Amino acid sequence: MTRDAAIEPVRRSFGWRWLAPLIFVFLWSGGFAVAKIGLRDATPMAFLAVRYALVILVLAVLLAIIRPPVPGDWRSYGHLAVTGFCIQVLYFGLSYLGFWLGASAGGLALIVCLQPILVGLLASGFVAETVNLKRWIGLFLGLSGAVIVILARSEVGMSSLPGILCAVGALAGITFGTLYEKRFGLEHHPVLANFVQYIVGLAVIGPLALLVETPVIHLTSSLALCFAYLVIGNSLIAVTLLLAMIRAGEASRVSALFFLVPPVAAAMAFFAIGEIMPPAAWLGMALAAIGVAVASRTGQRRGTG
Numbered sequence: 290m291t292r293d294a295a296i297e298p299v300r301r302s303f304g305w306r307w308l309a310p311l312i313f314v315f316l317w318s319g320g321f322a323v324a325k326i327g328l329r330d331a332t333p334m335a336f337l338a339v340r341y342a343l344v345i346l347v348l349a350v351l352l353a354i355i356r357p358p359v360p361g362d363w364r365s366y367g368h369l370a371v372t373g374f375c376i377q378v379l380y381f382g383l384s385y386l387g388f389w390l391g392a393s394a395g396g397l398a399l400i401v402c403l404q405p406i407l408v409g410l411l412a413s414g415f416v417a418e419t420v421n422l423k424r425w426i427g428l429f430l431g432l433s434g435a436v437i438v439i440l441a442r443s444e445v446g447m448s449s450l451p452g453i454l455c456a457v458g459a460l461a462g463i464t465f466g467t468l469y470e471k472r473f474g475l476e477h478h479p480v481l482a483n484f485v486q487y488i489v490g491l492a493v494i495g496p497l498a499l500l501v502e503t504p505v506i507h508l509t510s511s512l513a514l515c516f517a518y519l520v521i522g523n524s525l526i527a528v529t530l531l532l533a534m535i536r537a538g539e540a541s542r543v544s545a546l547f548f549l550v551p552p553v554a555a556a557m558a559f560f561a562i563g564e565i566m567p568p569a570a571w572l573g574m575a576l577a578a579i580g581v582a583v584a585s586r587t588g589q590r591r592g593t594g
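Read in order, the letters of the sequence shown are residues 290 to 594 in our numbering.
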C-alpha cells in the first residue's frame, strides 16, 4: 500500500474534514487572549520557556506510556528539529518578542496571516502541490476577511521597526515549517515529533530569555490557568492537530485555516477580556469563514515531482 493510499481514509473521515479543523482553530485562536493574560505576570521569553518545559514533562510521560517507534537515523531527528525551530522558536518566539518590542497584536496578526498565500505560492516547488484558481479565490477571500477584522479593531499600527522584523520572521517561520513538515515529517509519531520539537524550542528560548530580558515569573492563580490552557490545549492538542492535518492533507488547504485565527481570536478576546468587536469585524469573520470553506472544499492537483 502506498503512503497516499494509507492516509486517504483519514482525509475522508468526518473528524479530519470538519472536527479537527474546528478544534484546532478554537484552541489556537484562544491562545492569543490567554497569552495576553499570562504576560501580565511574566516576561515573554521566560513565559515561553516555562511553557515549553511543562510541555516536555507531559510529553515525556506520554512517551513512556505509548512507547512509539523511534527514527533509526539522525537525519530524521534533524528534520524534526528543523520543524521545531521554525514553529516553536521562529513563530512563537518572534511573535512574543514582537509584542515586547512594540508591535500591536493586530499589526503582527496582519503580517502573519499572509502565511496561506506564501504556502500557496511555494507549495508547487517544495511539496509538489499545484493550487488551482478556486483555491486562490478562497485564500484571498480569507485574507480579506482577516484584514477587515484587524482594521475594524484599529490595531494595525506597528510602533517599531524591530516589531515589524519580528512579525516578518514569525511569518517566515510558520510558512517554512508548514512546508517542511509536509515534505519531511510524514513518518514520525506526533508525540515523538512534538517532544523533539519542544526540546529544540526550549534549548533556544531558554538561553534567549536570559539574553534579551530580565526573566520575571509571578506565580499567580491566573498564570497557572494560562499555563494549563497553553500547555494542554495549545501546545499539545492544537500543535498535534496541526501536524497531523498537514500530513493527512494538502499544505495550502490546511494553511487556509490560519485566516480564521485573527477573526476567531478577536471574538474570543471580546468575550474573555472585553476587547471591542465592531460590527464590521463580524462581517470580516464571515468573509474569512467563506474563504476558508472555498479553499478547503476545492480540489487540488498534485505534481509528479
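Built from N, CA and C at the ideal position, the CB exists for glycine as well.
The model shown is predicted, which means the values in this text are computed figures rather than measured ones.
Around the beta carbon of ILE535, 16 or more other beta carbons lie within 10 angstroms, which makes this residue buried. Taking the CA atoms as reference points, ILE579 sits about 42 Å from VAL505. If the five residues before and after LEU508 are omitted, its C-beta is found closer than 7 Å to no C-beta atom of its own chain. In this structure, the alpha-carbon of LYS471 lies about 11 Å from that of HIS368. Excluding sequence positions up to five before and after CYS515, its CB lies within less than 6 Å of the CB of VAL323, ILE326, GLY327, all in the same chain and listed in chain order.
A contact is defined here as three or more CB-CB pairs under 8 Å, and the region 477-493 fails this definition with respect to the region 306-322. Taking the C-beta atoms as reference points, TYR380 is found no nearer than 8 Å to LEU337.
For the 8 Å CB-CB criterion, LYS423 and VAL583 form a contact. If you draw a straight line from the Cα of ALA561 to the Cα of LEU576, it comes to about 23 Å. Contact check for THR372 and GLY466: beta-carbon distance about 5 Å, within the 8 Å limit, so the pair qualifies. For GLY462, the CB contacts under 6 Å within the same chain, skipping 5 residues up- and downstream, are CYS375, LEU379, TYR380 in chain order. Rounded to the nearest whole angstrom, the C-alpha separation of SER511 and LEU432 is 33 Å. Between VAL408 and LEU468, the C-beta spacing is below 8 Å.
The beta carbon of LEU532 lies closer than 7 Å to those of GLU470, GLY474, PRO479, ALA482 in the same chain, with the five residues before and after it left out. Counted as a single uninterrupted DSSP element, the alpha helix (DSSP H) harbouring THR372 occupies residues 363-373.
Comparing C-alpha distances from LEU519 to each of ALA349, VAL339, PRO357 shows the shortest one belongs to VAL339. When rounded, the separation of the alpha-carbon atoms in TRP389 and THR464 is 22 Å.
Nearest to THR332 by C-alpha distance, out of THR529, VAL344, ILE494, MET557, is ILE494.
DSSP places LEU403 outside any alpha helix (DSSP H), giving it a letter other than H or E. Comparing C-alpha distances from ILE453 to each of GLY382, ALA392, LEU403 shows the shortest one belongs to ALA392.
Counting only residues of its own chain and dropping the five nearest sequence neighbours on each side, ALA335 has a CB closer than 8 Å to the CB of ALA498, GLU502, PRO504, VAL505, ILE506.
When beta bridges are read from the DSSP output, ALA331 appears opposite ILE506.
By the beta-carbon neighbour count (other beta carbons within 10 angstroms, threshold 16), ILE355 is exposed.
Less than 8 Å divides the Cβ of LEU530 from the Cβ of ALA309. For PRO552 and PRO496, the gap between their C-alpha atoms comes out near 34 Å.
Contact check for LEU460 and ILE400: beta-carbon distance about 6 Å, within the 8 Å limit, so the pair qualifies.
Rounded to the nearest whole angstrom, the CA to CA distance from VAL457 to LEU500 is 21 Å.
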